[in-house]
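Heads up: the structure comes next, in structure tokens.
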Amino acid sequence: MAAALKDKDIGILDDWDEQSKRVINMINIARISIFCSLLIFLAVIHNIRGTEQTLAAYAPMVRNEGWLQIWCTVYGAIIMFSLANPKWQLQPKTRTLPNASAVSDITMMGILTALAGGVSSGFGILALPFLATACVLSYGRYPLLYGSYAALLITGDILWKFYPFSMDVIRSNLSLLTGQILLMAACYIVPLLTSLSARYLVTADDSVRNHRTAFERLSALNKIVLNRIQEAVIVVDQDCLVWTHNRQAKQYFSELESNELAPFLSGLVKTWRLKPEESFSNLSPINSTLMYVRAIPIIQEDTELLMLFARAERERQAEAQTLKLTALGLLTANLAHEIRNPLSAMRQASGLIQETAEEDANPMYRKLSDIIEKNITRIDKMLEDITSLNRSDRIDTKGIHLTQFWLSFIQEFYLTNPEAKNCLRLDVPNGSSFIALFDAAHLQQIMWNLCNNAWRHCRKQKGSIVVSLRVFGKNNISLRVWDDGPGVSETIREHLFEPFNTSEAEGTGLGLYVARELAHANNGDLCYVPHAKSFELILPRAPK
94 MAAALKDKDI GILDDWDEQS KRVINMINIA RISIFCSLLI FLAVIHNIRG
144 TEQTLAAYAP MVRNEGWLQI WCTVYGAIIM FSLANPKWQL QPKTRTLPNA
194 SAVSDITMMG ILTALAGGVS SGFGILALPF LATACVLSYG RYPLLYGSYA
244 ALLITGDILW KFYPFSMDVI RSNLSLLTGQ ILLMAACYIV PLLTSLSARY
294 LVTADDSVRN HRTAFERLSA LNKIVLNRIQ EAVIVVDQDC LVWTHNRQAK
344 QYFSELESNE LAPFLSGLVK TWRLKPEESF SNLSPINSTL MYVRAIPIIQ
394 EDTELLMLFA RAERERQAEA QTLKLTALGL LTANLAHEIR NPLSAMRQAS
444 GLIQETAEED ANPMYRKLSD IIEKNITRID KMLEDITSLN RSDRIDTKGI
494 HLTQFWLSFI QEFYLTNPEA KNCLRLDVPN GSSFIALFDA AHLQQIMWNL
544 CNNAWRHCRK QKGSIVVSLR VFGKNNISLR VWDDGPGVSE TIREHLFEPF
594 NTSEAEGTGL GLYVARELAH ANNGDLCYVP HAKSFELILP RAPK
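The numbering of the sequence shown is the working numbering, which starts it at 94 and goes up by one.
Structure follows, in structure tokens:
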């Protein structure tokens, strides 16, 4: 939003250095104008020299024609140097000396005035613009120094013309002296006024620069914060014009662009217009996707905006489910410890009942004892699964050669399920080597759960269960467990990895839940692939 406000309401102001370059361009134009005008003036005088009119009005310039030509040569060289190397006219703010180019211009105007016949020629006024630009280029500094220097040049002209002074000389040239005094006063007034303005502009420029830096810093911070939000953030006005948005919004709506209309948000904008000052939230289908949207109006003096926080409802439900499962997992893990103590007492009581049954030879006691022992074993298995979750944060990650791991695992599996011999096989591409970064105990538990489930539901024939290894992306390995059974029905897929969800009468409903949590703890994942009727375990691949 800050970026949009910056583009729409705040003009990008040129800094002082940029303005100084413009002043220099204007000075160069003035120099060229004076230079060309003087050349034309000299050409005209040269053509009409010898006439009485020339001697009367332009006698000083005719008399100093040679010096004026030298002046033009020097000033032309200054102009050429300034055009070729404009940086010499710029003055760093840290420099404490007067501006050299300004001093040269004032000096040249003073010499021109003297060669043209003094202040009465009217050329003296040409120094005033250069006095003003001198203060501008010097950041408002040295106004009295520049004014005094120009006044000193005028005073020198007065001393040269009227020395030695006498009352008769002063009376006869009173109007001329008055003009010179006024010009000297102007030489102070112009730089002083320009200095005040320049100092104010310098201060304003520094303030603008500081505010701009702070604004850009805040804008960058806001951008970082917006892009880290999981929700899509969009700011629009009443015309559905997008002011700004974050990356998540671009992922949801690829056609979204800043400073362009977003007609797919018109429904939300209409709802906002009904009550412009109230926030609201609802479920809205946007571009065929059901989105949960929170809308917050931003009311300013001359701008009314609407900030939208949107997220796909499917993602919200998945996140809520994940949080629920996490909380449930923590709760059951804490309860597991509390259940073990009464479970031990129940096991002891079952043992006493079994001893009584052996002494009395009462079949009812034996049957009751078997039922109790069977359920105690089931509860104990459930507690063992839950306890393994508490150990998931203590991971001993190491490189596991999956082919060698399979040979060891299958031997243990056949010992427990001898009838499964030759029913399981490993599918590995020829010449491939798969080494995963995983906790060996966790991988053993996950594989045991997946293969046990596959064995229960397969046809129990040769090759009924296939475990395949493939490369998955750049840094992962895919381990799939497939069986020739009917697969997982669509009705229970949604809750397949939830705790205590089971279709088996003797199952705990924790096997797949624990397996996936262990996979996540090892930076992997476990999911069901419906079209392949298989479970897929994603394992991080060890670097080569």
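By construction, the Cβ of each residue, glycine as well, lies at the ideal position given by its N, Cα and C atoms.
Since this is a predicted model, take the numbers as computed values, not measurements.
- Scanning its chain for C-beta atoms nearer than 6 angstroms, with the 5 sequence neighbours on each side dropped, one finds around Gly604 the residues Asn542, in chain order.
- Taken through DSSP and simplified to helix, strand or coil, Asp618 comes out as strand.
- Minimum Cα-Cα distance from Gly524 among the listed residues Leu132, Met540, Thr496 and Ala533 corresponds to Thr496.
- Counted as a single uninterrupted DSSP element, the stretch harbouring Gly159 is not any beta strand (DSSP E) but the alpha helix (DSSP H) occupying residues Glu158 to Ala177.
- Counting the other Cβ atoms within 10 Å of the Cβ of Asn380 gives fewer than 16, which makes it exposed.
- In this structure, Ile138 places its C-beta atom within 8 angstroms of the C-beta atom of Val155.
- Assignment of beta-bridge partners to Met400 by DSSP yields Val328 and Ile389.
- With a beta-carbon spacing of about 10 angstroms, Ala209 and Asp250 fall beyond the 8 angstroms limit used to define contacts.
- Collapsing the DSSP output to three states places Asn315 in a helix.
- For Ser290, there are no CB contacts under 7 angstroms within the same chain when 5 residues up- and downstream are skipped.
- In the three-state reduction of the DSSP assignment, Asn352 falls in the coil class, being assigned neither a helical nor a strand state.
- Secondary structure note for Thr337: its beta strand (DSSP E) is the uninterrupted segment Val335 to His338.
- Beta-bridge analysis with DSSP links Ser561 to Asp520 and Arg573.
- Residue pairing from DSSP places Thr490 in a beta bridge opposite Asp532.
- Rounded to whole angstroms, the Cβ separation of Lys555 and Asn515 is 5 angstroms, and the two are in contact under 8 angstroms.
- As computed with DSSP, Pro378 is found in a beta bridge with Leu383.
- Proximity to Ala220 across Leu286, Ser300 and Ala123 peaks at Ala123, based on C-alpha coordinates.
- Spanning the alpha carbons of Ile389 and Asp532 requires a straight line of approximately 47 angstroms.
- Note that the C-beta distance between Asn375 and Val386 is below 8 angstroms.
- Residue range Ala220 to Leu230 is occupied by the alpha helix (DSSP H) that includes Phe223.
- If you look at Ile631, you'll find it in the beta strand (DSSP E) that goes Ser627 to Pro633.
- Cys280 counts as buried, since no fewer than 16 other beta carbons sit within 10 angstroms of its beta carbon.
- Going by DSSP, Ser501 is part of the alpha helix (DSSP H) stretching over Leu495 to Thr509.
- In the DSSP assignment, the residues bridged to Ala405 are Met384.
- Inclusion of Leu530 and Phe498 in the CB contact set at 8 angstroms is not warranted, their separation being larger than that value.
- For Phe373, the three-state secondary structure derived from DSSP is strand.
- Between Leu334 and Phe346, the alpha-carbon positions lie close to 15 angstroms from each other.
- DSSP places Val362 inside the alpha helix (DSSP H), whose first and last residues are Ser359 to Leu367.
- For Val212, no alpha helix (DSSP H) encloses it, and the DSSP letter there is neither H nor E.
- Under the DSSP assignment, Arg586 falls in the alpha helix (DSSP H) whose first and last residues are Glu583 to Arg586.
- The straight-line gap separating the alpha-carbon atoms of Ile120 and Glu324 is approximately 56 angstroms.
- One thing to note: Gly580 has its Cβ no nearer than 8 angstroms to the Cβ of Arg552.
- Leu176 is the residue among Ile469, Gly211 and Leu176 whose C-alpha sits nearest the C-alpha of Ser194.
- Segment contact: the segment 288-304 against the segment 223-235, three or more CB-CB distances shorter than 8 angstroms; contact assigned.
- By the Cβ neighbour-count rule, Gly233 is buried, with 16 or more other Cβ atoms within 10 Å of its own.
- Gln112 is the residue among Asp576, Val301, Gln112 and Leu399 whose C-alpha sits nearest the C-alpha of Gln184.
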